[in-house]
Each structure stands twice: as C-alpha cells, then as structure tokens.
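Written out below as structure tokens is the structure these notes cover.
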Amino acid sequence: MVAAKKRFIAGAVCPRCGAMDRVVMYTDDEKRYRECVSCGFSDEVRLHEPGRELETRVNRTPEERREAVRPVRILDPRDPPDDQ
Numbered sequence: 038m039v040a041a042k043k044r045f046i047a048g049a050v051c052p053r054c055g056a057m058d059r060v061v062m063y064t065d066d067e068k069r070y071r072e073c074v075s076c077g078f079s080d081e082v083r084l085h086e087p088g089r090e091l092e093t094r095v096n097r098t099p100e101e102r103r104e105a106v107r108p109v110r111i112l113d114p115r116d117p118p119d120d121q
C-alpha cells in the first residue's frame, strides 16, 4: 500500500495543542484527514456541501431577465391618483 502524500497547511492551528504551521492534511480512501505533527492530534475533515448560489443579474436565464423588466410609468403630479 502506498503511503498518502501529506501536505502542511500554512497558517493552520492545531485544535488540541494550539501549535501553528504543524498541521498536515492527507487523503485516504477518498476521505480527508488532518494531523498535528507536534502532539499527534488527528481527525477527519468534514467538508460542507456548497450552498445555493446567490442570484445575480449574471446567473439568471434570459427568460428570468425578461420577466424582471417592467415599464416605467411617468406620472403627472397634477393628475389625481387612480384609486380616488
């Protein structure tokens, strides 16, 4: 069996001993692990599912953009409102 390639994570702090720049990360059986080389702390890294992408004008479909367009009505300030 080939040993997993371990990489140091710059700026990472060990949750147990608080040592900085002593944490390595590696993948084994499609799971990610982190390990402190100072105190031996080790755990599995659980990644969060990516959240829903925020809606912007760039990622809307052409149909959604057309529906969002509304004509502007210019009102004459001298005319009484329609509801009276």
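Count along the sequence shown from 1, add 37, and you get the number used in the working numbering.
Even glycine gets a Cβ: it sits at the ideal position worked out from N, Cα and C.
Self-check item: Beta-carbon proximity list for Phe45, same chain, < 6 Å, skipping 5 on both sides
Solution: These residues qualify, in order along the chain: Val61.
Self-check item: Spatially closest choice to Cys73 from Gly48, Asp66, Glu90 and Thr93, by CA coordinates
Solution: The option with the nearest alpha carbon to Cys73 is Gly48.
Quiz item: Going by beta carbon distance, what residues of the same chain come within less than 8 Å of Arg97, once the five residues before and after it are set aside?
Solution: Closer than 8 Å at Cβ, skipping near neighbours: Ala105.
Practice problem: Mind listing, in chain order, the continuous beta strand (DSSP E) runs of no fewer than 3 residues lying wholly within the segment 54-100? | Solution: Complete beta strand (DSSP E) runs here, min 3: 60-65, 68-73 and 79-82.
Exercise. Determine, using beta carbons only, whether Ala41 and Val50 come nearer to each other than 9 Å.
Key: A distance of 9 Å or more separates the beta carbons of Ala41 and Val50.
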